[in-house]
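Novice:
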Amino acid sequence: NFVPQKSDKFTFGLWTVGNPGADPFGGPVRTPVTPVERVHKLGELGAWGVNLHDNDLVPFGASAQQRDKIVSEFKQALTDSGVVVPMATTNLFSHPVFKDGAFTSNDPKVRAFALRKTVESIDLGAELGAKIYVFWGGREGTEVDASKDAVTALKRFREALDFLSEYAISQNYGMKFALEPKPNEPRGDIYLPTVGAMLGFISTLAHPEMVGVNPEYAHDTIAGLNFYHAVAQALEMGKLFHIDLNGQKPGRFDQDLRFGQEDYKSNFFLVKLLEDYKYDGPKHFDAHALRTSDPADVWEFAKGCMRSYLILKEKAQQFNADPEIQALLQEINAGDAASDAVLSAGFSTENLAALKSLDLDPEALALKPLPYEKLDQLTFELLLGVR
Ligand code: GCO
Ligand code: MN
Ligand code: MN
Ligand code: MN
């Protein structure tokens with residue numbers, strides 16, 4: 003039971019299971035195995051795919067010869083392990099050149115360098131078979147708002163994305179872009195901090211049809227937002243191209259905890275949403291093992307992410323089949339055929355007349371019972387395994 007299958011489409015970043023456990027107060031605590039070994043191990047554990055930043059695989063500044071050797075060894079590992087690369091992305095945050103932004107830097111040479119690095123990284127992604135390209139603008143923001151004009155920054159970000167969309171189209175890569183919002187960290191304030199902000203921005207792009215979002219549990223939770231609601235909006239708009247799953251306590255630093263580690267209830271509604279609406283993209287765990295973990299415990303972390311998802315998926319099925327819960331939901335959602343018909347018919351003179359002639363008694367409507375205490379307690383008991 004709860005054994006991951008390829009069809010679950012679970013993925014990990016090379017950087018996640020390769021995280022050496024450093025934090026701002028201390029250096030690495032473990033030496034990760036090589037990317038090739040990570041791929042083999044992920045395959046053994048039942049993961050479907052592995053994602054990467056260009057520099058997770060090819061070190062910054064590597065020669066063309068070194069690059070080709072590394073990439074061909076990596077491709078061999080993918081073939082041998084049956085692991086795929088569904089998503090690729092660019093590291094536009096580690097090198098000091100990006101300390102004040104990449105696509106939104108004030109310096110046109112830095113912006114050009116970021117653009118060229120991304121073109122090359124898109125080529126790498128395409129070579130490895132990636133059909134989703136993620137943009138996480140970790141350094142695209144400020145601590146000092148006097149330093150950058152926020153309107154100009156957005157124009158620059160758009161310029162870069164439009165260029166890169168045209169590039170991917172010109173190469174027939176069949177790629178989609180997924181923008182990943184985060185409110186802060188590493189910058190004090192990052193531009194386009196929420197899923198809603200990204201969705202609004204996407205509609206201003208030259209190729210909005212190929213651009214969606216990559217929401218992350220931790221990023222909304224840091225800001226105290228309801229991630230389930232944010233993902234629902236993206237999904238309803240057909241813009242949920244990718245998702246980053248992890249754990250996070252609200253109001254803290256970026257913890258990147260194991261999926262399922264915090265707030266079981268919100269994780270449950272998230273998984274239920276993805277399953278009920280048949281989200282078919284990768285389920286990516288953008289998390290890492292605790293700093294206290296030794297190399298063996300890192301793989302327990304990876305297994306735990308997938309197993310927790312599958313447990314919550316089973317709980318969602320149980321919820322959908324629970325007679326008492328479903329009876330309550332039916333009661334809460336009981337419709338009125340005449341009102342429903344008017345509401346869904348849209349505006350017309352006749353329908354306006356129908357609206358005006360509906361029998362609607364606010365005093366009586368306000369008395370309708372809403373047994374949410376009961377519903378939530380049943381949900382809690384189901385999740386805690388006593389139902
Ligand atoms: C973070 C981000 C990153 C991105 C990754 C892919 O908080 O550091 O979530 O892990 O997801 O760079 O673009
Ligand atoms: Mn993150
Ligand atoms: Mn992080
Ligand atoms: Mn992420």
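Just so you know, we're using UniProt numbering here: the sequence shown kicks off at 3 and counts up by one. For each residue, glycine too, the CB sits at the ideal point set by N, CA and C. Note that the structure is a prediction, hence the values are computed from the model and not measured.
(1) Since residue 317 contacts residue 270 with CB under 8 Å, what's their CB separation in whole angstroms?
(2) Which residue spans inside the segment 127-197 form an unbroken alpha helix (DSSP H) run of at least 4?
(3) For residue 89, which residues does DSSP report across the bridge?
(4) Among 220, 63, 125, 227, which has the Cα closest to the Cα of residue 174?
(5) Three or more C-beta pairs under 8 Å: does that hold for the segment 326-341 against the segment 38-46?
(6) Between residue 60 and residue 73, which are expected to be in contact by the criterion C-beta below 8 Å, what is the C-beta distance as a whole number of angstroms?
(7) Inspect the beta-carbon positions of residue 144 and residue 189 and report whether they are closer than 9 Å.
(8) Take residue 47 and list the residues in its own chain whose beta-carbon comes closer than 8 Å to its own, dropping the five residues that flank it on each side.
(9) Should the segment 88-101 be called in touch with the segment 27-36, which here means at least 3 C-beta pairs below 8 Å?
(10) Return the chain-ordered list of same chain residues with a C-beta closer than 6 Å to the C-beta of residue 193, the five sequence neighbours on each side being excluded.
(11) With distances taken from each beta carbon to the nearest heavy atom of ligand 3, which residues come in below 5 Å, in chain order?
(12) Reducing DSSP to helix, strand and coil, say where residue 285 ends up.
(13) Does DSSP put residue 363 in a helix, a strand or coil?
(14) Quick check: the Cα distance between residue 279 and residue 221, rounded to an integer number of angstroms?
(15) For a test of the three-state rule: what should DSSP assign to residue 45, helix, strand or coil?
(16) Are there any heavy atoms of ligand 4 lying less than 8 Å away from the beta-carbon of residue 2, as far as the coordinates show?
(17) With distances taken from CA atoms, which of 273, 55, 79 is nearest residue 394?
(18) Report the residue from 169, 287, 234 whose alpha carbon sits nearest the alpha carbon of residue 197.
(19) Please list, in chain order, all residues with a C-beta atom less than 5 Å from at least one heavy atom of ligand 4.
(20) Kindly indicate the opening and closing residues of the beta strand (DSSP E) around residue 55.
(21) Looking only at its own chain, which residues have a Cβ that is under 8 Å from the Cβ of residue 320, when we skip the five neighbours before and after it?
(22) Roughly how many angstroms separate the alpha carbons of residue 135 and residue 353, rounded to a whole number?
(23) Apart from the five residues on each side of it in sequence, which residues of its chain come closer than 7 Å, Cβ to Cβ, to residue 251?
(24) Which one or two residues does DSSP pair with residue 249 in a beta bridge?
(25) Give me the DSSP bridge partner(s) of residue 207.
(26) Can the beta-carbon of residue 276 be found less than 9 Å from the beta-carbon of residue 330?
(27) Which residues share a DSSP beta bridge with residue 214?
(28) Going by other Cβ atoms of all chains shown within 10 Å of its Cβ, with 16 needed for buried, is residue 244 buried or exposed?
(29) What's the gap between the Cα of residue 26 and the Cα of residue 52?
(30) Helix, strand or coil for residue 381? Go by DSSP, reduced to three states.
(31) Taking all protein chains shown into account, do 16 or more other C-beta atoms lie within 10 angstroms of the C-beta of residue 360, making it buried, or fewer, making it exposed?
(32) Among 283, 387, 119, 286, which has the Cα closest to the Cα of residue 324?
(33) Within a Cβ cutoff of 8 Å, which residues of the same chain sit near residue 204, ignoring the five residues on either side of it in sequence?
(34) The beta strand (DSSP E) spanning residue 15 covers which residue range?
(35) Answer with buried or exposed for residue 158, where buried requires no fewer than 16 other C-beta atoms within 10 angstroms of its C-beta.
Specialist: Based on what the coordinates show:
(1) Residue 317 sits at position 315 when you count from the first residue of the sequence shown. Residue 270 sits at position 268 when you count from the first residue of the sequence shown. Yes, residue 317 and residue 270 are in contact; Cβ-Cβ is about 6 Å, under 8 Å.
(2) Counting only runs of 4 or more, we get 152-172.
(3) Counting from one through the sequence shown, the residue named residue 89 turns up at place 87. DSSP lists 134 as partners of residue 89.
(4) In the sequence shown, the residue the question calls residue 174 occupies position 172. Checked all of 220, 63, 125, 227; the closest Cα to residue 174 is 125.
(5) By the Cβ criterion, the segment 326-341 is not in contact with the segment 38-46, since fewer than three pairs of Cβ atoms, one from each stretch, lie closer than 8 Å.
(6) Mapped onto the sequence shown, residue 60 falls at position 58. Mapped onto the sequence shown, residue 73 falls at position 71. That belief holds up - the Cβ atoms of residue 60 and residue 73 are roughly 7 Å apart, short of 8 Å.
(7) Mapped onto the sequence shown, residue 144 falls at position 142. Mapped onto the sequence shown, residue 189 falls at position 187. Their beta carbons are under 9 Å apart, which means residue 144 touches residue 189 by this criterion.
(8) In the sequence shown, residue 47 corresponds to position 45, counting from 1. Residues 6, 301, 304, 305, 308 of the same chain have their beta carbon placed closer than 8 Å to that of residue 47, with the five preceding and five following residues left out of the count.
(9) Not touching, per the Cβ criterion.
(10) Position 191 of the sequence shown, counting from 1, holds the residue named residue 193. Answer for residue 193: 142, 143, 155, listed in chain order.
(11) Those residues, listed in chain order, are 256, 258.
(12) Sequence index remark: in the sequence shown, residue 285 carries index 283 (1-based). Correct three-state label for residue 285: strand.
(13) As a working mapping, residue 363 is identified with position 361 in the sequence shown. DSSP places residue 363 in the coil class of the three-state scheme, outside both helix and strand.
(14) Residue numbering aside, residue 279 sits at position 277 when the sequence shown is read from its first letter. Residue numbering aside, residue 221 sits at position 219 when the sequence shown is read from its first letter. Taking the CA atoms as reference points, residue 279 sits about 22 Å from residue 221.
(15) As a first step, residue 45 is located in the sequence shown; it is residue number 43 there, counting from the start. In the structure shown, residue 45 adopts helical secondary structure according to DSSP, grouped into three states.
(16) Only positions 3 to 389 of the chain appear in this structure, which leaves residue 2 out of reach.
(17) What is shown of the chain runs 3 to 389, which leaves residue 394 out entirely.
(18) One-based indexing of the sequence shown puts residue 197 at position 195. Among 169, 287, 234, the Cα nearest to that of residue 197 is on 234.
(19) That gives 218, 246, 288.
(20) Locating residue 55 in the sequence shown gives position 53, counting from the first residue. Its beta strand (DSSP E) spans residues 51-55.
(21) Against the sequence shown, residue 320 aligns to sequence position 318. Counting only Cβ-Cβ distances below 8 Å, and skipping sequence neighbours, we find 384, 389.
(22) If you number the sequence shown from 1, residue 135 lands on position 133. If you number the sequence shown from 1, residue 353 lands on position 351. Straight-line Cα distance between these residues: approximately 46 Å.
(23) Walking along the sequence shown from the start, residue 251 turns up at place 249. The residues are 257, 264.
(24) Position 247 of the sequence shown, counting from 1, holds the residue named residue 249. Its beta-bridge partners are 259.
(25) Position 205 of the sequence shown, counted from the first residue, corresponds to residue 207. In the DSSP output, where bridge partners are listed per residue, residue 207 has none listed.
(26) Along the sequence shown, read from residue 1 onward, the residue named residue 276 stands at position 274. Along the sequence shown, read from residue 1 onward, the residue named residue 330 stands at position 328. Pairing residue 276 with residue 330 gives a Cβ-Cβ distance that is not under 9 Å.
(27) In the sequence shown, residue 214 corresponds to position 212, counting from 1. Beta-bridge partners assigned by DSSP to residue 214: 180.
(28) On the sequence shown, residue 244 is found 242 positions in, with the first residue counted as 1. With 16 or more neighbouring CB atoms inside 10 Å of its own CB, residue 244 falls in the buried class.
(29) Within the sequence shown, numbered from 1, the residue matching residue 26 stands at position 24. Within the sequence shown, numbered from 1, the residue matching residue 52 stands at position 50. If I take the Cα positions, the gap works out to 26 Å.
(30) If you number the sequence shown from 1, residue 381 lands on position 379. Correct three-state label for residue 381: helix.
(31) Position 358 of the sequence shown holds residue 360. Residue 360 should be labelled exposed.
(32) Locating residue 324 in the sequence shown gives position 322, where the first residue counts as 1. Of the listed residues, the one whose Cα sits closest to residue 324 is 387.
(33) Taking the sequence shown and counting its residues from 1, the one referred to as residue 204 is at position 202. Here the set comprises 181, 210, 213, 214, 215, 241.
(34) Translated into positions along the sequence shown, residue 15 becomes position 13. From DSSP, the beta strand (DSSP E) with residue 15 extends over 12-15.
(35) Stepping through the sequence shown from its first residue, residue 158 is reached at position 156. Buried.
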